[in-house]
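J.: Under our numbering, the residues of the sequence shown are numbered 83 to 282, in order.
Ideal Cβ positions, reconstructed from N, Cα and C, are used throughout, including at glycine.
Computed from a predicted model, the values in this text were never measured in an experiment.
Let me give you the structure first, and then I'll get to my questions.
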Amino acid sequence: MTTAELLLAPTAGEHDRPPLCVRRGPAGHFRLSYVTEHPGDRDLRDVLWDRTAPDGQRQPMLYLTCALCEMPVRPVRSSRRPRLGTGTLFLVPDGVDTSQPVRTVLPPVCLAHAPVAVREAAALQHGYTALLVTRHRLHGIIGTPYRWAGHRVQQDQPTDVPVPYGTYDARWTIAQLLVRELTKYAVVDLNDRADLTEAR
């Protein structure tokens, strides 16, 4: 292929999505694109986003605002473990392996709003683990993968496996959820009222 842009036929069942094509990105690699891209269609890591993806997940995860009040989350500290320093409160579904870095699509919450999140968040209805996180980073996205199949873009089976930024697969995925990796944290008890306090 020698052209810088290939307009490809839509895949059956995808007529409600803006037409897709393949274009070269700034680094010279071919990548999935909308035929007509708008500001905000791509994030700062050059990944294409689904225009119907809710800002209620992407923006709080990107800017670390509370999932409930939409204000910047206030730092939290543990009086029982002062060596942890201040951190950010994340709630993850019960059963997540906390012996290694945790990847999550759930935005952080303010300490004051954590009980409401526990009651109302669908992802936490079967239990939760509260993490006081002192180190984290943007990891990647979860979305709909595509591949270049001859003269058309073909959708692959959706998956909930995070796609890391900077990879080949990230260039061929329409993102729907932003993933943050929690690399340094401690499990805390929200019910221990004498422990967790907002840092001033």
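Measuring only the C-alpha atoms, how far is I224 from P157?
T.: Each residue's alpha carbon lies about 27 angstroms from the other.
J.: Taking just the CA atoms, how far does E263 sit from P247?
T.: According to the sequence provided, residue 247 is Tyr. The question's Pro does not apply to it. If I take the Cα positions, the gap works out to 12 angstroms.
J.: Does DSSP put V129 in a helix, a strand or coil?
T.: In the structure shown, V129 sits in coil (DSSP, three-state: anything other than H, G, I, E or B).
J.: Go ahead and label M153 buried or exposed: buried means 16 or more other beta carbons lie within 10 angstroms of its beta carbon, across all protein chains shown.
T.: When all chains shown are included, M153 counts as exposed.
J.: Run the CB neighbour count on R113, radius 10 Å, all protein chains shown included, and call it buried at 16 or more, exposed below.
T.: With 16 or more Cβ atoms within 10 Å of its Cβ, R113 is classed as buried.
J.: Which of helix, strand or coil does DSSP assign to L193?
T.: DSSP places L193 in helix when its eight states are reduced to three.
J.: Along the chain, where does the alpha helix (DSSP H) containing G169 start, and where does it finish?
T.: That residue, G169, is in no alpha helix (DSSP H); it is neither H nor E in DSSP.
J.: Output the distance between the C-alpha atoms of A281 and T265, rounded to the nearest integer angstrom.
T.: Computed Cα separation, rounded: 21 angstroms.
J.: Who are the near neighbours of T180 in its chain, counting only those whose CB is closer than 7 angstroms to its CB and skipping five residues on each side?
T.: Around T180: T211, V269.
J.: Hey, is I224's beta-carbon within less than 8 angstroms of any beta-carbon in chain E?
T.: Going by chain labels, chain E is absent from the structure shown, which holds only one protein chain.
J.: How many whole angstroms separate the CB atoms of V155 and V191, which I take to be in contact at a CB cut-off of 8 angstroms?
T.: Right, the Cβ-Cβ distance comes to about 7 angstroms (below 8 angstroms), so this counts as a contact.
J.: Leaving out five residues before and five after T170 in sequence, what residues of the same chain have Cβ atoms less than 6 angstroms from its Cβ?
T.: V155, P190, V215.
J.: Relative to the C-alpha of L130, which residue among P101, Y145, L146, D271 is closest?
T.: Comparing Cα-Cα distances from L130 to each of P101, Y145, L146, D271, the minimum goes to P101.
J.: Taking Q141 as part of the alpha helix (DSSP H), name the residues at either end of that continuous run.
T.: Note, Q141: alpha helix (DSSP H), 137-145.
J.: Taking the alpha carbon of R133 as the reference point, which residue from A196, P121, S161 has its own alpha carbon closest?
T.: Nearest option by C-alpha distance: P121.
J.: Output the distance between the C-alpha atoms of R124 and L188, rounded to the nearest integer angstrom.
T.: Each residue's Cα considered, the two are about 21 angstroms apart.
J.: Under 7 angstroms Cβ to Cβ from H111, same chain only, skipping five residues before and after it: list those, please.
T.: These residues qualify, in order along the chain: R253.
J.: Just verifying my parser: in three-state terms, what is the DSSP assignment at E280?
T.: In this structure, E280 counts as strand in the three-state DSSP scheme.
J.: Where does T279 land, buried or exposed, given buried means 16+ other C-beta within 10 angstroms?
T.: By the neighbour-count rule (16 or more Cβ atoms within 10 Å), T279 is not buried but exposed.
J.: Around the C-beta of Y267, are 16 or more other C-beta atoms found within 10 angstroms, so that it is buried, or is it exposed?
T.: Flag for Y267 reads buried.
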